[in-house]
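What follows is one structure encoded as structure tokens, with my remarks underneath.
2 protein chains.
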Amino acid sequence: MDANKKLGMLRNLMAEYRLDAYVVSNADPHFSEYLPERYRQIRWLTNFSGSNALVLVTNDQALLWTDGRYFVQAEKEIAGSEFKMMKMATPGYPNIYQMIGKLLPEGRRLGVDRAILSQADYEKYEEISNKNGIDLVDDHDLISEIWTDRPEITKNPAYVHDLKFAGKSAQEKIQELRDLLKEAGAQGTIISSLVDVAWLYNIRGTDIANNPVVTAYAYVDQTSANIFIDEEKLSLEILDHFKENGVDYLKYSEVFAKANNLRNMTLLLDKKTSARSIFKVLDDSVKVIDSIDLTTKLKAIKNDLEIKNQKHAYIKDGVALTKFIYWLKHHENIETEDEYTVGEKLEEFRKAQEYYVEPSFDTIAAYKENAAMMHYKASQAGAKKLAREGFLLVDSGGQYYDGTTDTTRTIALGDLSDEEKKDFTLTLKGHMDLMNTVFLQGTTGFALDAICRRPLWLNRSDYKSGTGHGVGFFLGVHEGPQSISPRPGGAALETSMVVTIEPGVYKEGKHGIRTENVAIVVEDEKNLDGQFLSFECMSFVPIDIDAIDPSLLNDQDKKYINDYHKAVYEKISDYLTREEAAWLKEVTRAI
Amino acid sequence: MDANKKLGMLRNLMAEYRLDAYVVSNADPHFSEYLPERYRQIRWLTNFSGSNALVLVTNDQALLWTDGRYFVQAEKEIAGSEFKMMKMATPGYPNIYQMIGKLLPEGRRLGVDRAILSQADYEKYEEISNKNGIDLVDDHDLISEIWTDRPEITKNPAYVHDLKFAGKSAQEKIQELRDLLKEAGAQGTIISSLVDVAWLYNIRGTDIANNPVVTAYAYVDQTSANIFIDEEKLSLEILDHFKENGVDYLKYSEVFAKANNLRNMTLLLDKKTSARSIFKVLDDSVKVIDSIDLTTKLKAIKNDLEIKNQKHAYIKDGVALTKFIYWLKHHENIETEDEYTVGEKLEEFRKAQEYYVEPSFDTIAAYKENAAMMHYKASQAGAKKLAREGFLLVDSGGQYYDGTTDTTRTIALGDLSDEEKKDFTLTLKGHMDLMNTVFLQGTTGFALDAICRRPLWLNRSDYKSGTGHGVGFFLGVHEGPQSISPRPGGAALETSMVVTIEPGVYKEGKHGIRTENVAIVVEDEKNLDGQFLSFECMSFVPIDIDAIDPSLLNDQDKKYINDYHKAVYEKISDYLTREEAAWLKEVTRAI
């Protein structure tokens, strides 16, 4: 069925429900970073497969919003349909709220699906509706009515994330959450975010690719802890686990009855990750504190065993990546490989590692000018062939029971231009300047961001992305509340938080370079000036010294690289073949 | 009359007006950084002379709040009186709003003086009063009733700031303000800030020490421009100047009638720098946009002639400071000098410079451990004697018709410890790292702050102040909206803005070090990554190479210092005696 036919069916339904406009949002009820198949409604409706999308349909308009990463792709994918692309954050293109104000006269009816609309977004539609005298109707899931073979919510089994990995029992975590709730002046909380539910109850699953989460909600107050989950997901083991930890399970859909039955209390809810459908059923006697989920704060601070485990995971991941780079550097027919096949090969190396489950995100293997597109992902068919020249950028990570990894290396496949070497070296300088900095407790990643950019800025170069993000523990590869970014906000960096450091240079039509390691925030000296913190690097993968222009490095830079490479050799070489280890010795030599 | 007697009189008056508590704030009606004598009511009442102070008096309490800079001084100055010191931002000490909530039961009456209370602060008293059922009464200036010899508002003459200095006529500035008002959706604005009024109308005066402002208000809309000013201040020259520029003058006190007569319009007012007394008289048909004064934004961007002029002012100031350092270094009986006398000597050198008017703030000359107190100011009586050892820190600046200067040098008077040299060198590294950085348009000083601290952080050292502030043009030495600070906020740094860069090391009981130059933001390269900006240093004064530990410097650091010193010699030596020039050549030699 093509997009226009689906659109016709959607409009018929809209007419039936007397809706003059209908919004389709690209979300699941848990506002997950990666969507399960059931909630890829925009791809189903429009063919557009990008991650950032929003659709507005009226009787004579079919509009699809997306951002600059996807302009080319979206045009291609919606070609031939009635859908028209709207560019987000681009002059000349109104956003969806402005467009609603423009298209709908007073008295018209705007439909949204409250199940997949966060309360925060709902309030924006409410504001524009009130302002324009539009009726906002939030109770129609039109997509399910026309998408007859819509995938069900997955019934994949959940499993216990063993205490030897998690380091802290669900019971202890629930108690920590209760303490924070008390501090915040809230009696209870409903958690929709799947990574938060999985972390809190020490469970994992396979409902979403790259993200070992379980489709479930949590409710916690001072006396009870509930999980709302489909029974099919539950094994005897997991039932025992819940019992041991004082967790009562209820049906997945019971979360709404639970919310509806709460009375005379203050509930902590994150409006950005909680659906309108939860807010809507709350009794008037329930007061809401809008706050980031307290579990998000708790899980960002890794416990001692998590720290030990994830360090081990980074060693294993470093072994896989080092073997992969060895393989690339020694491949006798590199021309037979392309961006897609090398990703497959890397997956082989990871699969050989203990506790490996799956990639933590779709591997980015981008050759030469393709690497200048920051979110490039090669399709099997369209992948670029490799050759013995230029850079291959590989940004990848693994989900291990004992940690989530994320590392980028830019690898010289052969000769490089002076410009490529210069850009590689300046990227590395920025990376090192931030990784080896010391900072005062209370400092945010926003305040540190410029340290990483400065060596590039001095060369009049900048990268249009953040510098780093938090990383979960066998959960999301992007987890807050901390980040390192030129956009204000973000939490202060605290001891035992994990962040990536990943500056880069991206030159359209030429090359893309990024060097990314993951660091854990550690306590440093405390003196009269305050408590200082610093970063401990956890990633151990050789940085390609073939790509370095040493004339751009000062003595401290060289010392950093040599110390780092010494550590790489010490930590990784034992797990390599004799040939690989000999090569690693050579490529980690002092410069 | 001692403090307790004044307090008694104040309480009698409070009883007469049935006030259960009374607030005395440390402000003038223009919320000036430095207060004219008439508005030093807290010093008059309590003897406390610090700049940050707030008083609350009830029948049985007399409380004085101040901040950490002044704890020791305040205790000393209020000793023997009933006043009790309250430490601002210190655990265990409620702030004034909390204290009001604690001390006043429902139905009691709280008095404030609306003439010296900003609307922003008034709203905080209003909030706590509403919350606690307290009556807030804002129409009693009790201080004037008991301070019988209270100084009048000064009648010092105003004068025209010549176009050859200001670079832009008042008429042009008024037009720019009108354009910004239109953009902001406001029909008019009342400006209370004296530096803003002086800048807008190109007038100056002598009403406040160190700040060449005139006591006046401005009102501007699309068709009229008013100044509210005492007639005694006006000469024929200034009347002509007003006429030429389309400015109508009214009596100083007429500003309230003007505010009261406005109807059916949107008025732009800065709640932080506008008194409650202005807000109170506004008609209900007047809508207020609370915004930083638009003139503050306009005057932060220096015009071409201002830039040329202020560069010249910095050369003159550099000559004065260089001569001063020569004098210090060659003084044969340094033991006869103290922190106070060297400040007097420096003033002599400045006075010899063309267009010099007065210091731009009270000179800080702090010897050895005194320099660890960041806001130390030596009194004539208590000044520390100098000797041929350790550091003398001198932070000073001048008001010239062609610019306002602010420079700090830390000067070795003799032998230094290794620790002193190390701290001096790391301070210099931070200073250089920021001064020679390049950054993307849109970057705030907050985002750059860590660049300056990093070399100190690496040594586990931090300074408890901002890194830099904006500087006015023959006006305030501290002017926003830009700053370089670890506190979020502050405007993006734009081309032709001026900022100081002044990191330091402060070790209690040991030494204090600060190196401060002033820079102007200049356009740098524009390319696909965006418009880059950089700093051009305007201060030219030798940095004491006797105090540098070269082993802590890399090649780029040394190049920076050598290039800077070459420029110092080139720009300053022509204005020195032959002996001074020969010495300058020596102390600006390459290291």
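Residue numbers (this note's numbering), protein chains in the order written: chain A, 1 to 591; chain B, 1001 to 1591. We put the CB at the ideal spot given by N, CA and C, even for glycine.
Range of the contiguous beta strand (DSSP E) that encloses residue i
i         : result
A/GLN531  : 530-537
B/GLY1188 : 1188-1191
A/GLN399  : 398-400
A/THR408  : 407-412
A/ASP221  : 216-221
A/LYS87   : 84-87
A/VAL288  : 287-290
Residue i versus residue j: straight-line alpha-carbon distance, rounded
i         : j         : result
A/GLU172  : A/TYR201  : 10 Å
B/GLN1119 : B/LYS1510 : 43 Å
A/ARG454  : B/LEU1448 : 9 Å
B/ILE1208 : B/ILE1229 : 15 Å
A/GLU254  : A/ARG114  : 16 Å
B/TYR1575 : B/PRO1542 : 14 Å
B/SER1539 : A/ASN95   : 48 Å
A/LEU456  : A/LEU440  : 24 Å
A/ALA387  : A/LEU553  : 29 Å
A/TYR367  : A/LEU236  : 48 Å
A/ALA166  : A/GLU306  : 6 Å
A/SER551  : A/GLU354  : 41 Å
A/TYR560  : A/ASN436  : 8 Å
B/ALA1170 : A/PRO503  : 47 Å
A/VAL220  : A/TYR252  : 15 Å
B/ASN1059 : A/MET265  : 41 Å
A/GLU106  : A/TYR125  : 14 Å
A/ASP596  : A/GLU37   : The question about residue 596 of chain A has no answer, for chain A in this structure spans 1 to 591.
B/SER1285 : B/ILE1278 : 15 Å
B/PHE1071 : B/GLY1390 : 27 Å
B/ALA1300 : B/GLY1480 : 7 Å
Contact list for residue i against chain B, beta-carbon separation under 7 Å
i        : result
A/GLU525 : ARG1460
Segment limits, alpha helix (DSSP H) that includes residue i
i         : result
B/LEU1110 : Note, B/LEU1110: premise wrong, no alpha helix (DSSP H); beta strand (DSSP E) at 1109-1111.
A/LYS311  : 304-330
B/MET1099 : 1096-1103
A/TYR367  : First-last for A/TYR367: 364-367, but that is the beta strand (DSSP E), not the alpha helix (DSSP H).
A/ILE238  : 236-244
B/THR1295 : 1294-1300
A/THR341  : 339-351
B/ASP1563 : 1555-1572
A/TYR201  : 194-201
B/GLU1579 : 1578-1587
Residue i: contacting residues in chain B (beta-carbon distance under 9 Å)
i        : result
A/PRO488 : THR1444, PHE1446, ALA1447, PRO1488 and GLY1489
Where residue i meets chain A, residues with beta-carbon distance less than 8 Å
i         : result
B/GLN1556 : ASN554
Proximal chain A residues relative to residue i, where beta-carbon distance stays under 7 Å
i         : result
B/GLY1530 : ASP462
Closer than 8 Å at the beta carbon, the chain B residues around residue i
i        : result
A/TRP457 : THR1437, VAL1438, PHE1439, LEU1440 and PHE1532
Residue i beta carbon near the ligand ADP (any heavy atom closer than 7 Å)
i       : result
A/LEU64 : No copy of the ligand ADP occurs in the structure displayed, which carries no ligand at all.
Cβ of residue i within 8 Å of any chain D Cβ
i         : result
B/LYS1323 : The structure shown contains no chain D; the protein chains it does contain are A and B.
**Q.** Interfacial residues, the stretch 1421-1453 of chain B to chain A, with Cβ spacing under 9 Å
**A.** ASP1433, ASN1436, THR1437, VAL1438, PHE1439, LEU1440, GLY1442, THR1443, THR1444, PHE1446, ALA1447, LEU1448, ASP1449, ALA1450, ILE1451 and ARG1453
**Q.** Length at least 4, wholly inside the stretch 427-510 of chain A: the alpha helix (DSSP H) runs in chain order
**A.** Runs of the alpha helix (DSSP H) inside the stretch 427-510 of chain A: 445-457.
Q: Scan the stretch 4-66 of chain A and note each continuous beta strand (DSSP E) run of 3 residues or more that stays entirely inside, going in chain order.
A: 21-25, 54-58 and 62-66
**Q.** Every unbroken beta strand (DSSP E) within the stretch 103-157 of chain A, with a cutoff of 3 residues, ordered by chain
**A.** 109-111 and 135-137
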